[in-house]
Every structure is written in C-alpha cells, then in structure tokens.
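>
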Amino acid sequence: MECQLDRTDKTYCPSLVAYKRRRTRVVNIGGVPVGGDYPIRVQSMTTVDTMDTLGSVEQCIRMIEAGCEYIRITAPSIKEAENLQNIKEELRKRGYNVPLIADIHFTPNAAEVAARIVEKVRVNPGNYADKKKFQVIEYDDASYQAELDRIRERFVPLVRICKEHGTAMRIGTNHGSLSDRILSRYGDTPLGMVESALEFIRICEDEGFYDIVISMKASNTQVMVQAYRLLVRKLDEEGLQPYPLHLGVTEAGEAEDGRIKSAVGIGTLLEDGLGDTVRVSLTEAPEAEAPVAQALIDRYTHRAEKAQPIKPICHNLIDPFQYRRRETVEVENLGGLNVPRVVADLSRLTDVKYADLKAVGHLYSMLLDKFNMNDLGADYIYTGDNPVTFMLPNGLKEIVNYTAWQQAEHQEDRHPLLTPEVYLSEASRHSKLNFILASVHDLTPGLMDALKKDNTAVLVLHTQNEHAMPELRKCFIRLMNNGVQTPCIVKREYGQLTPDQVQLYAATDVGGLLIDGLGDGILLSTELLPVQEKQDELQTIDTLNKLSFGILQAARTRMSKTEYISCPSCGRTLFDLQETTAMIRKRTDHLKGVKIGIMGCIVNGPGEMADADYGYVGVGKDKIALYRGQTVVKKSVPAERAVDELIELIREDNRWIEPVKLEEEV
Numbered sequence: 001m002e003c004q005l006d007r008t009d010k011t012y013c014p015s016l017v018a019y020k021r022r023r024t025r026v027v028n029i030g031g032v033p034v035g036g037d038y039p040i041r042v043q044s045m046t047t048v049d050t051m052d053t054l055g056s057v058e059q060c061i062r063m064i065e066a067g068c069e070y071i072r073i074t075a076p077s078i079k080e081a082e083n084l085q086n087i088k089e090e091l092r093k094r095g096y097n098v099p100l101i102a103d104i105h106f107t108p109n110a111a112e113v114a115a116r117i118v119e120k121v122r123v124n125p126g127n128y129a130d131k132k133k134f135q136v137i138e139y140d141d142a143s144y145q146a147e148l149d150r151i152r153e154r155f156v157p158l159v160r161i162c163k164e165h166g167t168a169m170r171i172g173t174n175h176g177s178l179s180d181r182i183l184s185r186y187g188d189t190p191l192g193m194v195e196s197a198l199e200f201i202r203i204c205e206d207e208g209f210y211d212i213v214i215s216m217k218a219s220n221t222q223v224m225v226q227a228y229r230l231l232v233r234k235l236d237e238e239g240l241q242p243y244p245l246h247l248g249v250t251e252a253g254e255a256e257d258g259r260i261k262s263a264v265g266i267g268t269l270l271e272d273g274l275g276d277t278v279r280v281s282l283t284e285a286p287e288a289e290a291p292v293a294q295a296l297i298d299r300y301t302h303r304a305e306k307a308q309p310i311k312p313i314c315h316n317l318i319d320p321f322q323y324r325r326r327e328t329v330e331v332e333n334l335g336g337l338n339v340p341r342v343v344a345d346l347s348r349l350t351d352v353k354y355a356d357l358k359a360v361g362h363l364y365s366m367l368l369d370k371f372n373m374n375d376l377g378a379d380y381i382y383t384g385d386n387p388v389t390f391m392l393p394n395g396l397k398e399i400v401n402y403t404a405w406q407q408a409e410h411q412e413d414r415h416p417l418l419t420p421e422v423y424l425s426e427a428s429r430h431s432k433l434n435f436i437l438a439s440v441h442d443l444t445p446g447l448m449d450a451l452k453k454d455n456t457a458v459l460v461l462h463t464q465n466e467h468a469m470p471e472l473r474k475c476f477i478r479l480m481n482n483g484v485q486t487p488c489i490v491k492r493e494y495g496q497l498t499p500d501q502v503q504l505y506a507a508t509d510v511g512g513l514l515i516d517g518l519g520d521g522i523l524l525s526t527e528l529l530p531v532q533e534k535q536d537e538l539q540t541i542d543t544l545n546k547l548s549f550g551i552l553q554a555a556r557t558r559m560s561k562t563e564y565i566s567c568p569s570c571g572r573t574l575f576d577l578q579e580t581t582a583m584i585r586k587r588t589d590h591l592k593g594v595k596i597g598i599m600g601c602i603v604n605g606p607g608e609m610a611d612a613d614y615g616y617v618g619v620g621k622d623k624i625a626l627y628r629g630q631t632v633v634k635k636s637v638p639a640e641r642a643v644d645e646l647i648e649l650i651r652e653d654n655r656w657i658e659p660v661k662l663e664e665e666v
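For the sequence shown, the UniProt record's numbering gives the first residue as 1, with consecutive numbering after it.
(1) If contact is defined by three or more beta carbon pairs under 8 Å, each pair taking one atom from either stretch, is the region 234-248 in contact with the region 330-342?
(2) Any idea what DSSP makes of Arg122, helix, strand or coil?
(3) Kindly list the residues whose CB is nearer than 6 Å to the CB of Ala168, restricted to its own chain and excluding five residues on each side of it in sequence; keep chain order.
(4) Could you tell me which whole alpha helix (DSSP H) segments of length 4 or greater appear in the region 175-206?
(5) Please report the straight-line C-alpha distance between Gly126 and Gly187, rounded to a whole angstrom.
(6) Pull the bridge partners of Lys370 from the DSSP assignment, please.
(7) So the candidates are Met448, Leu198, Gln496; which of them puts its Cα closest to the Cα of Leu479?
(8) Kindly indicate the opening and closing residues of the alpha helix (DSSP H) around Lys88.
(9) Three or more beta-carbon pairs under 8 Å between the region 546-554 and the region 508-521, yes or no?
(10) Use the C-beta contact count for Arg364: other C-beta atoms within 10 angstroms, 16 or more gives buried, fewer gives exposed.
(11) Would you kindly work out how many angstroms separate the C-alpha atoms of Gln485 and Tyr423, rounded to a whole number?
(12) From the DSSP secondary-structure annotation, give me the bridge partner or partners of Ala625.
(13) Where DSSP assigns a beta bridge to Gly593, which residues make up the other side?
(14) Since I believe Arg325 is in contact with Tyr12 (beta carbons under 8 Å), could you give me their beta-carbon distance rounded to a whole number of angstroms?
(15) Is residue 706 buried or exposed, if buried means 16 or more other CB atoms sit within 10 Å of its CB?
(16) From the DSSP secondary-structure annotation, give me the bridge partner or partners of Thr277.
(17) The alpha helix (DSSP H) spanning Ile650 covers which residue range?
(18) Ile73 lies in the alpha helix (DSSP H); which residues open and close that run?
(19) Skipping 5 residues on each side, what residues in its chain have a beta carbon closer than 7 Å to that of Phe209?
(20) By alpha-carbon positions, which one of Glu426, Gly395, Asn374, Ile399 ends up nearest to His590?
(21) Assuming Leu231 contacts Val278 under a Cβ cut-off of 8 Å, what Cβ separation, rounded to an integer in Å, is found between them?
(22) So what's Ala115 in DSSP terms, helix, strand or just coil?
(23) Over the uninterrupted alpha helix (DSSP H) stretch that includes Cys475, give me the two end residues.
(24) Decide if the region 196-205 is in contact with the region 492-500; the criterion is three or more beta carbon pairs, one per stretch, under 8 Å apart.
(25) Spatial neighbours of Ala295 within its chain, please: CB distance less than 8 Å, with the 5 preceding and 5 following residues excluded, ordered by chain position.
(26) Applying the criterion that 16 or more other CB atoms from any shown protein chain within 10 Å of the CB defines a buried residue, is Gln226 buried or exposed?
(27) Looking only at C-alpha atoms, which of Val223, Ala197, Glu207, Thr221 sits nearest to Ser215?
(28) One question on the structure: do Ala359 and Leu538 come within less than 9 Å of each other, judged by their Cβ atoms?
(29) Alpha carbon to alpha carbon, how far is Met583 from Phe390? Give it in angstroms, no decimals.
(30) Looking only at DSSP bridge pairs, what is His441 linked to?
(31) Ordered along the chain, which non-local residues of its own chain (more than five positions away) have a Cβ less than 6 Å from that of Ala639?
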C-alpha cells in the first residue's frame, strides 16, 4: 500500500506528486511584493552602460513593455551606483514605477550607495568580501571563523543601510564564483554554493533583517537544480526563514539552446513548486528574455486544478541533491551505460523515402548511394503502422506497432511496440528487443514481475496528466521500489501549442527527469498535432529531433554538439556579445562535446564559465583574454585576432577537427 512521503533528509518541496507552491516569506520590493501567494515575478537586466542614463531608461522601458516586473542594473563602481538615481528619476518622470535592482560584485562601497537609491541590491557572496585567486588554502576552525568575522565586518554596514531604507536584498550565489575559502572547505559543489549564501543569511538574521531573496545559479543545470533543492532543505534544517527564491540558469546562451537549457533548469524547479521570481539569461536583447520567462511561469497558473491526482509516494529512492543515473539492464543499445537514445516519430508518414530521413539526421547521397549521419542522427524511428520499405542505414533502427510488426517481412530488422495487455498475453516477440507502451496505471505487479524476467523489454512511458513530469517520475519511483531495472524511454506529446511552448514544455518534462538520472531515451511524438502536408510534417519531425538532442545536452546526459556558455550581457560588457557569439559559433559549432565560454567581462570570466573547456573573455576595449579551463593563457589578444587565436589554442590541445560538409541529397 502506498503512502505519503515522510519528511526525510530528501525532502525539498511541498509535494512530489501534487502541484503546490512552496510557502515563503513575502518580501516587498518597491511596492511589487514577491513570495507568499503573490504571482511568480519576471525580471531581466539591462545591457546598456549604466552611465548612459537615457540609453538605460529607453532599454528599461522596452523591458517593462515586454513584461519585466523588476529590472536589474549593474553598478560596478560608485559612479554607476550614483547614476542609478538619475535613471530612477527619469523612469518615474515618464510614469514607470518598476522596482530597480543594483547588481553588485566586488564593491561594497557601491552597494552601500545603491542601497539608498534603488529598491533592491543583489550581492554575490563569492566576491562581495572575498577576492578570488584560485588558491587552495587549508583552514582550521579558528582561521575559518576569523574569515567569517571579516565578512561580517564588511557586510553588516550594507545590511543596516538596507534595513533603514526598506531596501530588499538578493543574496545570489553563482557556481562559478565561489570563493577560494568556500572551495577549500566544501569543494566545487552544490553544498559549497548553499553554504556561501547561508553565511550571509545568518548575518542578516542576526541583524534582524529578513527582506531577502536567494538564488543559486549555475550554467550546469544539474548543479543548479541540486543547489536550489539543497538550499531549501538547509534553510528548513537550521530553522532559518523560508525566503523567496529567484531562479535562473547562468550563461544559458542564445536562441533555442538558451531557451532549452533555461527550461531544463528553471522548469524542473517550478514543477516542484519552487521559485518566486524568474530570469532567463539569453545572449540576446534583454527584452527577449521576459516573454520566455513568462511562458515558463504561465504553465503553472492553473496547474493545480487541471492536474489529475497522483497517488502519494511512500519511499523515494532518488537522491535529489546528487546526480546518479537509475540502474538498468542493457538491452541492445538502451540502458546500462549507454547514453540516452533519441526516437523520432515518423508514424504519420505513409510512404517514407530515403530523402525523408534527412529530417532525423541521416542524409542520403544519390550520387554515392549511401547515407551519412550527422551529430544529431536519431537512434530509432517509430513508424507506427507504416514500416519503411527499404533497408535503413547503419546506426538507425525501426519501431513499429505490434500488428504491423506481425504482418511485416524481415521481423528481425524491426522492433514491435506492444500494449501491456498484448505483452502479458505471451504473444510472439522479437528475440532481442521489444517495446511496451505504458502509463503509471499500467505498472501493475503482474507487469513488473514479467519485466524483471525479460532481458528484451524496454518501456515507453507516457502520460496524459497535466502534471506530467511528476507522474512520469512516479513511474520511475514505482519501478525502482519494485526492483525493476528495465530501460525506459520517456514519451511526450503536445497538442496545438506554439513552437516556443513545445520547446519549453518538452525541455521541462523530459529534462526534469534526466537531471535526476531517470530515462534512457526520449520520444517526442507528433500524434496530437494537426495532420500537415508532407513537407510540413518533415519540418516538424526535424524540429522535434533537434529538440530531443538539445534537451539531452542541456541536462548534461548526452553531449552531441558544441556547447556555448555565453553570458547575457550587461553594462559591464566590453564587446558585442550577440555578434561575437554568432561569429564563434560559425567557426566552431562542429566541435562535438567541446564547451566554450564567451564572457563580456572579467566578472563573468573564469569563475562563471567554470564548466568550459575554453574561454573568451573581454578584458578591455577590443582586448580579449583566452582561457584553457580556468587558466588564462593569452592575456590581451586584439579582438580582430581573438577567434583565430582561440582556434589555434584548440588545435594545440589536439581537439580541433576540420569541418566537413556532408553531401546533401542531389
């Protein structure tokens, strides 16, 4: 019999099965409260030089009209902090009362000026009182406490100013800018991120200051999600206040990659009721960020009343604070130590041709009469009742509905998709690989017993529940609790949504599972979409295939292309980030699995691109520093030569390959 999950050391959200927002303190920010029962808020950050008053004001207005409820502006020194007054006055003169947030990094004196002007200040514990030198220092308890005393002395004046002026504060930890002291004691871990913030929160509470919002940002979505969950747990354990959370994935990037990565991180937390403000960090104009954030938020406005009830979870075997992939048996190339596989849905194409496989990454050359597979080549195609009539290229396998499989020739060359009823009837099966389509309601003791005895079975898990990700997670937990190690493909289908919504929803639903180590494959189905002309169908298939690979990459479970960790720009940026990112992408996007950090200034430099293999960082006007990992190797490269020098650096490490243009179908 199943029961409600007990309060354990794994508890981090109100419920794993019902949509409930975490109840937090209400923090008033310039008349726009956050937390409690207030809506989840949207914010973004300006990219114009803070000393450009009119430019900043005009950009703020564009952001407000795009949906921003809070606007953050960088204040790297006292002069920028002082100019926030002029920006604020001009906005108020024009009738815009949006709360302003000063972004502070290395300069406590600028924070103390800004806190008297704006409605909120954001401080980064990793560099507010510490100078990062990437040194490992051994601390005993006494020396560590001495460092905490030094931080308190530096930080308390700001806390008292905020308290006096009614200014809120965001304590915003970034994974890439943890102090040497934190790294020395806790390592480069979610726990280190959480402890970095808690040090400052304890000081605030000692001073009786509670108007705090907290963030735990990282470019690595697994680290980001784990850190927020652990933060909630630690606040509860220490009896600290339940502060609102600001959600964001740092340096998410541009275009579809940035949106997918943001949805994987932010959406996963929103699914569990965590998050009170959202910022989507795209390497685009800031007004492009708010609609994406709002689209993520809107999905939860009526979630509770639309969701079908899910039975409570009695025993949760998933560790929410550390990635560990669910243990499965290996069935052909699924499960075990294999990367998650991509299944493309071609079931609505009644007459698949060689050329049609281009939509799933397999390109046919009539001239050479052979296929080439690109980095986004699907592993399986699902053809439903319409099996293909030709031999598939190596590396691509076919799944068909059971009846069609029974009637088809060459049964060994394709694999059946069975219902649980047919599977349990002991009907004929493929000798090596069989797929069973199942929902949470199908996972009966009888089915699970049969699966445990079958080394040819792979489940295709699906749901019609509006609360999709938690119900699919429930499937995995049920399998784990019953000792079933059958590999599972996650199937999701969406109706008449916009392409942007499909992108965000799929990234959330599947990405949230992958982050917890759940899922051995992904199948984004077209079955709920209106039937289209063949070329439109192929375009949809192509889009969903690329989306599947993008989700796997964003969740850090299968690296199939170059990853760009690029910051969203701000007033500190020393070059055009959008143009530069596009230029670097054009030259390097064939380097599968290589991670390149593109940072506009030293604040978002080696620390913020902690996961990158190589870094491109602005250090002055038209001057670039190039990094290998977190080590600078070229300090002041002229911008016009910097991309060539970056490529040369990759060559030196024997990681450069020349781009090869695959021959298209003639």
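Where is the CB? At the ideal position from N, CA and C, for every residue including glycine.
A quick look at the data gives this:
(1) Touching, no.
(2) Along the sequence shown, one-based indexing puts residue 122 at 122. Here Arg122 sits in strand by DSSP.
(3) Start at 1 with the first residue of the sequence shown, and residue 168 comes out as number 168. Once the five neighbours on either side are set aside, the close Cβ partners of Ala168 are Val27, Ile29, Lys120, Asp211.
(4) Fully enclosed alpha helix (DSSP H) runs of 4 or longer: 180-186, 190-206.
(5) Residue numbering aside, residue 126 sits at position 126 when the sequence shown is read from its first letter. Residue numbering aside, residue 187 sits at position 187 when the sequence shown is read from its first letter. Rounded to whole angstroms, Gly126 to Gly187 spans 13 Å at the Cα level.
(6) Within the sequence shown, numbered from 1, the residue matching residue 370 stands at position 370. Partner(s): Ser365.
(7) Here residue 479 refers to the residue found at position 479 when the sequence shown is read from its first residue. Nearest C-alpha to Leu479: Met448.
(8) On the sequence shown, position 88 is the one that residue 88 refers to. If you look at Lys88, you'll find it in the alpha helix (DSSP H) that goes 78-93.
(9) Touching, per the Cβ criterion.
(10) In the sequence shown, residue 364 corresponds to position 364, counting from 1. According to the sequence as given, residue 364 is Tyr; it is not Arg. Buried.
(11) Numbered from 1 along the sequence shown, position 485 holds the residue referred to as residue 485. Numbered from 1 along the sequence shown, position 423 holds the residue referred to as residue 423. When rounded, the distance between both Cα atoms is 17 Å.
(12) Here residue 625 corresponds to residue number 625 of the sequence shown, with the count starting at 1. Paired residues: Val617.
(13) For the purposes of this step, residue 593 is identified with residue 593 of the sequence shown, where counting begins at 1. In DSSP, Gly593 forms no bridge with anything.
(14) Your numbering for residue 12 matches position 12 in the sequence shown. Your numbering for residue 325 matches position 325 in the sequence shown. With a Cβ gap of about 20 Å, Tyr12 and Arg325 do not count as contacting.
(15) The first residue shown for the chain is 1 and the last is 666, placing residue 706 beyond what the model contains.
(16) Your numbering for residue 277 matches position 277 in the sequence shown. Arg41, His246, per the DSSP bridge assignment.
(17) Position 650 of the sequence shown, counted from the first residue, corresponds to residue 650. In the DSSP assignment, Ile650 falls within the unbroken alpha helix (DSSP H) covering 639-652.
(18) In the sequence shown, residue 73 corresponds to position 73, counting from 1. Not the alpha helix (DSSP H): Ile73 falls in the beta strand (DSSP E), residues 70-74.
(19) Taking the first residue of the sequence shown as position 1, residue 209 is located at position 209. Non-local C-beta neighbours of Phe209 in its own chain, meaning closer than 7 Å and more than five positions away in sequence, comprise Val159, Cys162, Lys163, ordered along the chain.
(20) In the sequence shown, counting from the first residue as 1, residue 590 sits at position 590. Proximity to His590 across Glu426, Gly395, Asn374, Ile399 peaks at Asn374, based on C-alpha coordinates.
(21) Taking the first residue of the sequence shown as 1, we reach residue 231 at position 231. Taking the first residue of the sequence shown as 1, we reach residue 278 at position 278. In this structure Leu231 does not touch Val278 by the C-beta definition: roughly 16 Å separates them, more than the 8 Å allowed.
(22) Counting from 1 along the sequence shown, the entry for residue 115 is found at position 115. Here Ala115 carries a coil assignment [DSSP, helix/strand/coil].
(23) By one-based count along the sequence shown, residue 475 stands at place 475. Following the DSSP letters along the chain, one finds Cys475 inside the alpha helix (DSSP H) bounded by residues 468-481.
(24) Below 8 Å, too few C-beta pairs join the region 196-205 and the region 492-500 to call them touching: fewer than three.
(25) The residue given as residue 295 occupies position 295 in the sequence shown. Hits under 8 Å: Asp500, Gln501, Leu504.
(26) In the sequence shown, residue 226 corresponds to position 226, counting from 1. Counting Cβ neighbours within 10 Å, Gln226 comes out buried, since at least 16 surround it.
(27) Counting from one through the sequence shown, the residue named residue 215 turns up at place 215. Comparing Cα positions, the closest option is Ala197.
(28) Mapped onto the sequence shown, residue 359 falls at position 359. Mapped onto the sequence shown, residue 538 falls at position 538. Cβ atoms of Ala359 and Leu538: closer than 9 Å.
(29) Taking the sequence shown and counting its residues from 1, one reaches residue 390 at position 390. Taking the sequence shown and counting its residues from 1, one reaches residue 583 at position 583. Phe390 and Met583: Cα-Cα distance of roughly 41 Å.
(30) Counted from its first residue, the sequence shown places residue 441 at position 441. Residue pairing by DSSP places His441 opposite no residue, since no beta bridge is assigned to it.
(31) As a working note, residue 639 is residue 639 in the sequence shown. Answer for Ala639: Asp622, Ile624, listed in chain order.
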